[in-house]
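> Shown below is the structure under consideration.
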Amino acid sequence: MPPAVYIVGLGIFTQGTSEFMLSGLLPGMADDLGVSIPDAGLLISAFAIGMVVGAPLLAVATLGWPRRTALVSLQAAFVVAHVVGALAPGYAVLFVTRVISALAYAGYWGVAVATAVALVPAAAKARAVAVVAGGLTLATIVGVPAGTLLGQVSSWRAAFWAVAAATVVSLVCTLLFVPGGRGAGERPSVRAELRGMARPQLWLSYAITAFAFGAVIVTFSYLAALLTEVGGVSEGWVPAILALFGVGGLAGIVVGGRTAEARPLGTLGLGLGGLALFSVLLALTAQVTAVAIALVLLLGFVGYVTNPALQSRVFTLAPGAPTLVGATNTAAFNVGNTVAPLLGGLAIDAGWGYASVAWVGAALAAAGVLGVLWAARLQRRVEREGPSVPVSVPVPSPGSAAVAQAARESVRAEA
């Protein structure tokens, strides 16, 4: 595995820490900025809005850029936004910087995956993508608890400074290790990418992605407040419990990675069903500290066991659009990340308490289960009648031949 693959994974780690660390910083941010915790929670939605808009747009805008140029430019924009955010005099300025940070991060995601795929031989492409995506898992396990602890010891602004500094280190490493230019034969085509997106099942998969991730993030976003206000957990224990969630998530990704290829819909159905069940249990038992902590671990597991299937299935459904399909799936993840915290905040504002966010998560997970059942029905129809839209189109983008071939094999295996 070339060092450059690990370097772009490092970039995902530093920026992904910022994506999720606000869950542990909300109480302190709300006090400092003079807003309610639900209003502070909208900063999470602001970041997700930027991801939703930025992922597909920047995937297209940077399709022809040299890889290193795109990565460094997007990281630089991310650093500047975090410096301004750390110095923000009030809520409005911080809100804008969160959107700008997310735009840069969304663009980085698309370029990072394309870079990893282009730098390795066909047999190692899946592992390269796993290394890049592993940066986000590591951010959940290490970065988010560390940011929460730094926020408690100093302030939430210190956590923003730390993310900016870590991203600068990643930027320098990118300059040193990621090759410039493009490989021979790499001729990206926006038209070919758009043609590859024309399949109804793909858009149903995006909806399932939004429901699945929304069901996870709505509880995770308010987890610190839920544990301290309802469960009576000391603030000093919050970073450790957030890390426990990350450990469950890592285990879920490992297990999901083993089952997603052979049984993608089964993995999604069981994961979402478990997410609905454990969310209901957390809503009912949040005041029992030991039970709540155990459920945090289980929520991390079932929340992330679906991730490999959510990520890989879209490439199976649209192998002709390896860049845009992944970017749009990133946007779908962040549709859930946008809407779910908003729904959780509305439930809290309605006077239903912090435990109500787990009920919202259960409802979103149940909607995801219905989507999976619908997808299974469509899949059976495809097996009987054949796809109405060709699943393979010639694609001249980086690494697309191997991705398309792997996707065609996955379609046959699933059928």
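In my numbering, each residue's number is its place in the sequence shown (first place is 1) plus 59.
Even for Gly, the Cβ is constructed at its ideal location relative to N, Cα and C.
Would you grab the beta carbon distance between Leu195 and Gly305 for me? Rounded to a whole angstrom, and I think it's under 8 Å.
That belief does not hold up - the Cβ atoms of Leu195 and Gly305 are roughly 10 Å apart, past 8 Å.
> Are the beta-carbon atoms belonging to Leu263 and Gly430 less than 8 Å from one another?
Contact: yes.
> Take Pro61 and list the residues in its own chain whose beta-carbon comes closer than 6 Å to its own, dropping the five residues that flank it on each side.
These residues qualify, in order along the chain: Leu178.
> How many Å lie between Gly332 and Pro148 at the Cα?
Their Cα atoms are separated by approximately 43 Å.
> At 3 residues or longer, what runs of the beta strand (DSSP E) sit wholly inside the segment 339-407?
Listed in chain order, there is nothing to give.
> From the DSSP output, in three-state form, read off Trp215 for me.
Residue state, collapsed to three classes: helix.
> Return the chain-ordered list of same chain residues with a C-beta closer than 7 Å to the C-beta of Val111, the five sequence neighbours on each side being excluded.
Closer than 7 Å at Cβ, skipping near neighbours: Ala390, Asn393, Val394, Thr397.
> Quick one: what does DSSP say Val292 is sitting in, helix, strand or coil?
Val292 falls in the coil class under three-state DSSP.
> What are the boundary residues of the alpha helix (DSSP H) that includes Glu444?
Residues 415-444.
> Out of Leu401, Thr387, Ala302, which one is the CA nearest neighbour of Ala353?
Comparing Cα-Cα distances from Ala353 to each of Leu401, Thr387, Ala302, the minimum goes to Ala302.
> What did DSSP end up calling Thr207 once you bin it into helix, strand or coil?
Note: Thr207 maps to helix in three-state DSSP.
> For the putative contact between Gly307 and Leu230, defined by C-beta atoms under 8 Å, what is the C-beta separation to the nearest angstrom?
Rounded, the Cβ-Cβ distance is 31 Å, inconsistent with contact.
> Taking only three categories from DSSP, how would you classify Ser132?
Helix at Ser132.
> Just tell me which of Val176, Ile159, Phe79, Leu369 has its CA closest to the CA of Val67.
Out of Val176, Ile159, Phe79, Leu369, Val176 has the C-alpha closest to the C-alpha of Val67.
> What three-state label does DSSP hand Val179 in the structure shown?
DSSP places Val179 in coil when its eight states are reduced to three.
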